[in-house]
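Chemist:
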Amino acid sequence: MNEMVLEARDVTRRFTIGASLFKRATTFSAVKGVSLSLRQGEVLGLVGESGCGKSTLANMLLGLLDPSEGEVLVGGKAISRSSPLERARRIQPIFQNPYSSLNPRKSVEDIVSLPLRIHNVGSASERRAKVAEMLDMVGLSRRYLDSYPNQLSGGQRQRVAIARALIMRPEVVICDEPTSALDVSVQSQILNLLLDIKDELNVSYVLISHNLAVVQHIATRVAVMYLGRIVEEQPTEQLFANPRHPYTEALLSSVLTPEPELGIPDTHLGAAFPNPMDPPPGCSFHPRCPHAMPHCSTLHPRPLSDGDRMVECHLYDEAAAQAAREPQPA
Ligand code: SF4
């Protein structure tokens, strides 16, 4: 089995908002007790609607946000005990929007070589040669070395962002919606590029997306997130062939709508996405779930693992159903 490169152990992140002279502060958990792991060469897809906690989790995986509880390990070492430089060498992000993630006043060479300069790698000419090699790898002509972001198309800018993320040969890249700001015609080119580079550099990805079609294209495993929890995880083929959690079923049916990028149509679920600051009791999906049972609104489902599958749903928990059937003491 390949080496573990990234692990989140039972991580929770709470935020406190709204404290003022006349209002008491409210604390809510954007991510609640999430565990996940990534082995060398894997692509873990992380899917869910806006507000489900994907970006908060991504920021904790990158070491940009400390967990309130639990820990994140990169290469077996707690990220909280790594220096920012060590972290940046081992794990890198690729963000959604190549229009805002690149400094418009810097040339392509400046942007891509920044990590090399920060880590004091090579002379100026050696760095320029490395950047040129990296541009070859991401399919961008070397004639763009001295160009500025506003002279490039969206797809070319995302290639620059990928080159910058990979120039230090990190073990892990967190790709946060890497194609959603791009034209449909360019999206598959960028996904295929990420796949080619993965094999060439032996890098592993966490791919965050609300679009299951994107995740199906390159992920080896998929974790489905709902209101701060991972509610299902399976190898990609199995998840698409046999989704177990009702929320995953709804996500898959949204892929079949004409505009899947709009997210899950409410018509499939009957109720809107709940307020993360005031989550429903019991299973937080119960107000929208077509299979909800009476105990779903009071009892939080536990994670049920079975080989390489995990689901958090009472439909698969006979013990919880039995306990719910038993008369409660007066
Ligand atoms: Fe639906 Fe109940 Fe399963 Fe939640 S626990 S997803 S409400 S069946």
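End of the sequence shown = 331 in this note's numbering, gap-free, step of one. We put the CB at the ideal spot given by N, CA and C, even for glycine. Every value quoted in this text rests on a predicted model; they were computed, and no experiment measured them.
Determine the direct distance from the alpha carbon of residue 13 to that of residue 71, and round the result to whole angstroms.
Modeler: So the two alpha carbons sit approximately 6 Å from each other.
Chemist: Considering only DSSP beta bridges, list what residue 53 is partnered with.
Modeler: Note: residue 53 sits in no beta bridge, so no partner.
Chemist: With DSSP as the reference, identify every bridge partner of residue 232, one or two as the case may be.
Modeler: Answer is none; residue 232 lacks a bridge partner.
Chemist: Tell me, to the nearest whole angstrom, how far the beta carbon of residue 1 is from that of residue 108; I am working on the premise that it is less than 8 Å.
Modeler: No answer is possible for residue 1: the residues shown for the chain start at 2 and end at 331.
Chemist: Three or more C-beta pairs closer than 8 Å, one from the stretch 190-210 and one from the stretch 227-237: is that the case here?
Modeler: Counting Cβ pairs under 8 Å, fewer than three are found: no touch.
Chemist: Bridge partners of residue 177, per DSSP?
Modeler: According to DSSP, which records beta bridges pairwise, residue 177 is partnered with 209.
Chemist: For a quick check, are the C-beta atoms of residue 322 and residue 294 less than 9 Å apart?
Modeler: In this structure, residue 294 lies closer than 9 Å to residue 322 by Cβ.
Chemist: Specify whether the stretch 163-180 and the stretch 81-94 touch according to this definition: at least 3 beta carbon pairs, one from each stretch, less than 8 Å apart.
Modeler: The answer is yes - the stretch 81-94 touches the stretch 163-180, with three or more Cβ pairs under 8 Å.
Chemist: Going along the chain, which residues of its own chain have a beta-carbon closer than 8 Å to the beta-carbon of residue 281, five neighbours each way excluded?
Modeler: Closer than 8 Å at Cβ, skipping near neighbours: 275, 287, 288, 298.
Chemist: I need the straight-line Cα distance from residue 267 to residue 290, nearest angstrom please.
Modeler: Confidence in residue 267 is poor, its pLDDT being 44 and thus under 50, which makes the residue's placement too unreliable to answer from.
Chemist: Quick one: is the Cβ of residue 96 within less than 8 Å of any heavy atom of ligand 3?
Modeler: You won't find ligand 3 in this model; what it holds is ligand 1.
Chemist: Where does residue 2 land, buried or exposed, given buried means 16+ other C-beta within 10 angstroms?
Modeler: With fewer than 16 Cβ atoms within 10 Å of its Cβ, residue 2 is classed as exposed.
Chemist: Comparing C-alpha positions only, which one of 26, 51, 96, 133 sits nearest to residue 182?
Modeler: Ranking 26, 51, 96, 133 by Cα distance to residue 182 puts 96 first.
Chemist: Compare the C-alpha of residue 185 against each of 41, 212, 176 and name the closest.
Modeler: Of the listed residues, the one whose Cα sits closest to residue 185 is 212.
Chemist: Quick check: the Cα distance between residue 301 and residue 315, rounded to an integer number of angstroms?
Modeler: Rounded to whole angstroms, residue 301 to residue 315 spans 9 Å at the Cα level.
Chemist: Express the C-alpha separation of residue 78 and residue 16 in angstroms, rounding to a whole number.
Modeler: Computed Cα separation, rounded: 25 Å.
Chemist: Could you check which residue in 326, 277, 304 has the C-alpha nearest to that of residue 28?
Modeler: Nearest option by C-alpha distance: 277.
Chemist: What would DSSP say about residue 135, mapped onto helix, strand or coil?
Modeler: Correct three-state label for residue 135: helix.
Chemist: In whole angstroms, what is the alpha-carbon distance linking residue 56 and residue 177?
Modeler: Each residue's alpha carbon lies about 8 Å from the other.
Chemist: Please go through the same chain and pick out, in chain order, the residues whose beta-carbon is closer than 6 Å to the beta-carbon of residue 317, but skip the five residues on each side of it.
Modeler: Excluding positions up to five away in sequence, the list reads 305.
Chemist: Please report the distance separating the alpha-carbon of residue 193 from that of residue 328.
Modeler: Using only the alpha carbons, I get a separation of about 56 Å.
Chemist: Among residues of its own chain, excluding the 5 on either side of residue 156, which ones have a beta-carbon nearer than 7 Å to its beta-carbon?
Modeler: Around residue 156: 183, 187, 190, 191.
Chemist: Are the stretch 113-127 and the stretch 235-255 touching by the rule of at least three beta carbon pairs closer than 8 Å?
Modeler: No, the stretch 113-127 is not in contact with the stretch 235-255.
Chemist: With a threshold of 6 Å on Cβ separation, who are the neighbours of residue 145 within its own chain once the five nearest residues in sequence on each side are excluded?
Modeler: Contacts found: 109.
Chemist: Give the range of the beta strand (DSSP E) segment to which residue 39 is assigned.
Modeler: Here the beta strand (DSSP E) through residue 39 covers 27-40.
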